[in-house]
Amino acid sequence: MWIRFVYQPIIALYYGLYLHILGKEMLKADRSVWEMRRIWLIGFLLLPFSLLLGGWLGFNHARDQALQQADERLNLYASSFEGAINRYEYLPWLLAQTPDVRRLLDEPSSALVNRVNHFLLQTRNTSMSDELFLMNANGDALVSSNFQSAETFVGNNYQFRPYFSDAIRSGKGEFFAIGATTGLPGYFMSERVTSWQGDEAGVAVVKVDLEPLQADWQLAGEKVFVSDTNQIILLSSDPEWKYRYLAPLSDQQLDDLKRNRQFDGIELSPLGASSRADTLHMPSINGETARYLNRSVELSRPGWQLHYLVAVEPLYQFALLSAAVVFILYILALTAVLWMRERSRRALAAVKAEQRLRALNDTLEDQVLERTSELQKRTVELERIQRELVQSEKLAALGVMAAGLSHELNQPLTAVRTYAASGKKLLIKGATDQADSVFDKIMTLTSRMNDITAQLKVFVRQAPTPQLSSDWPARINFVLEMLDHRIQQQQVTLRLEIPEKARVKADDARIEQILVNLITNALDAITEQPNATLGIYLQPSHDGWCLRVEDNGLGFDTETMKHLFEPFYSTKKVGQGMGLGLFICYGLVQDLGGTIRALNNSTGGAVFEVWLPSDEKAD
Ligand code: ADP
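Under numbering that gives the first Met the number 0, think of the first position of the sequence shown as 0, with each following residue one higher.
See below:
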């Protein structure tokens, strides 16, 4: 059945969804999934009830509609049925009044018989009734509209028919019967006729053909039938159902039927069954039984009923269809609920996330503020500590310097005092020549002391102003020229890589002092070195310039490396080095905002690197 194609996929879908939710979704422990699963489960529990309700409502609706339609059709068919009979009701009476008909009962002469036969034929044709005939008091048909037909009623006796006996007895009769002569069914209506002279009696009959009514019912494709007082179907839209009884017949009924030969030549058989008063199970095509709702109306003929059957199966189909529609709507509604729930959940989650983020942001801001103020406090503290450190370093340096100075100056000063005393004695003695040489020694010693103080002069100069700008290559060339005599003397090979222009933020005097110290130290280091080489390289580096002074001397040992930039540290012989050169260089480079460092060259020898910030405006 087609309906299977509707409900089977639905059941499959339903089952699939169920497995999906209970199986896969259960694996997830997320709270929202649990919530979704709960909605789905409630939805699934309620679904059968919704389907039942939908089906029940659908069935009731379809049944009410069908019954309403059935009642309308019943009324229509009943009135057309009544009309089909009533329009011929007057005919027997009319025949009973006709003088020729009445005379015929007194004296059935052949001329009169012939005339009445033709009259009946004409009346039949005009009224469009089935047949008209007249019987005498014995029930013999004297004349008939079908007198010309082979199956004419004329000469036959119909005394056994109730419409004859009823008419004789009460004046009128009517009866449905299968024609005893023709075998054609019809509705017979009769009227007692009194002969012209009043001695004889007869019965005038009209036979009405009701078969065309069935054709109308068949055309409409409806299940309609008429049952009589014995519950035997007389007319039916389904030919198979005709002349079959709906309720078992009693012996009395069977006897009556036999006597009045109502269904002459037809074997009556039972039809259908009814489980309830309003339901009928009737045979349908292929030997199957179909269930119908039975609507009926009483007809004016005694005991007759017109039935209209409503097939139940389409109602069930409609119910199933309604259930399917309910299912789809249900799933859609469930999905909509879930979707809305999910949407609000997400919106809520977004709001919560935003709140969390805002709270986090506030906390972060608080923390940043807290840390910033802490950092500021620490910076202030650090600056204070740094200042104190610088101060103590300065004091320490001053202490070291003072000690060095007193050490350095003490010896020449003692010597000067000694020489001055001996000079004084020599002058008193008059030994001027000897005194002269003593004074020469004093002068040499004081000039040495002058050298020491001269070195320190540059160091104690004021820090350069930031506007100063010096041409570093020009300064290098100047210092090399100054030291050219010594370089030549020592036969030093010079390696120079100096750009044409490299301006740095420095003053010429400081730059020259640094260069003199570094180059002099290098020359000192390579005095006794064969293939003495001095390399001077100037390269751009990190917004500044880096000077590299290399020699191929012995480099630094670990001890020297440790104390290199300390004042009065020297490894040179007394009189050759005062240990102030690098100390001063360090101080000058610091003043200029640069850096200085010493390292051993990988190929041997010492390397000094001095970086100074470039003067961009000048470049
Ligand atoms: P001075 O030259 O008067 O000794 P400096 O401060 O200029 O004082 O140098 C300190 C010491 O550093 C030197 O005595 C020397 O031992 C070491 N020194 C400096 N320059 C070099 C160099 N180019 N090679 C090896 N040693 C060096």
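All C-beta atoms in this analysis are idealised placements derived from N, C-alpha and C, irrespective of residue type, glycine included.
Small disclaimer: the values here were computed from a predicted structure and weren't measured.
Review point. On the three-pair Cβ rule with 8 Å, is the stretch 475 to 489 touching the stretch 551 to 563?
Key: no
Practice item. Using a threshold of 8 Å, state whether the C-beta atoms of Ala434 and Trp471 are closer than that. Key: no
Exercise for review: Compute the minimum distance between the beta carbon of Tyr568 and the heavy atoms of the ligand ADP, and state whether it is under 7 Å.
Suggested key: yes
Exercise for review: Using the DSSP secondary-structure output, state which residues sit across from Gln538 in a beta bridge.
Suggested key: Cys545
Check your understanding: So who's on the other strand from Pro612, going by DSSP bridges?
Key -> Residue pairing by DSSP places Pro612 opposite Gly543 in a beta bridge.
Check your understanding: Can you give the Cα-Cα distance for Ser273 and Leu279, rounded to whole angstroms?
Key -> Computed Cα separation, rounded: 4 Å.
Check your understanding: Going by Cα to Cα distance, which pick from Arg114, Asp507, Ser249 is closest to Phe477?
Key -> Asp507
Exercise for review: Return the CA-CA distance between Arg345 and Asp361, expressed in angstroms with no decimal places.
Suggested key: 24 Å
Point to revise | For Asn600, three-class secondary structure by DSSP | key: coil
Exercise for review: Find out if the Cβ-Cβ distance for the pair Asn229, Leu212 is shorter than 8 Å.
Suggested key: no
Check your understanding: What is the rounded straight-line gap between the Cα of Val367 and the Cα of Ser343?
Key -> 35 Å
Review point. Does the separation of the CB atoms of Gly185 and Asp129 fall below 8 Å?
Key: yes
Check your understanding: In the structure shown, what three-state DSSP assignment does Ile265 receive?
Key -> coil
Practice item. Decide if the stretch 38 to 56 is in contact with the stretch 321 to 337; the criterion is three or more beta carbon pairs, one per stretch, under 8 Å apart. Key: At 8 Å Cβ cutoff, the stretches touch.
Check your understanding: Which residue comes first and which comes last in the alpha helix (DSSP H) that contains Ala289?
Key -> Element bounds for Ala289: not the alpha helix (DSSP H) but the beta strand (DSSP E), 288 to 297.
Check your understanding: What is the DSSP secondary structure of Glu34, reduced to helix, strand or coil?
Key -> Note: Glu34 maps to helix in three-state DSSP.
**Study point:** Distance between Leu141 and Trp92 (C-alpha atoms, nearest Å)
**Key:** 17 Å
Check your understanding: Are Arg72 and Leu314 closer than 8 Å when you measure CB to CB?
Key -> no
**Study point:** Any non-hydrogen atom of the ligand ADP closer than 7 Å to Gln605 Cβ
**Key:** First, the amino acid is wrong: residue 605 is Ala here, not Gln. Correct: Ala605 has its Cβ closer than 7 Å to the ligand ADP.
Exercise for review: Determine the DSSP secondary structure at Leu467, reduced to helix, strand or coil.
Suggested key: coil
**Study point:** Expected contact under 8 Å - CB spacing of Gly578 and Phe564 to nearest Å
**Key:** Contact flag wrong, Cβ pair sits at about 10 Å.
Review point. Beta-carbon separation of Ser143 and Val153 under 8 Å?
Key: yes
Practice item. To the nearest angstrom, report how far apart His306 and Ile231 are at their CA atoms. Key: 12 Å
Review point. Between Glu190 and Leu111, which are expected to be in contact by the criterion C-beta below 8 Å, what is the C-beta distance as a whole number of angstroms?
Key: Incorrect: roughly 19 Å between the Cβ atoms, too far for contact.
Review point. How do the stretch 280 to 296 and the stretch 251 to 268 stand: do at least 3 beta-carbon pairs fall below 8 Å, yes or no?
Key: no
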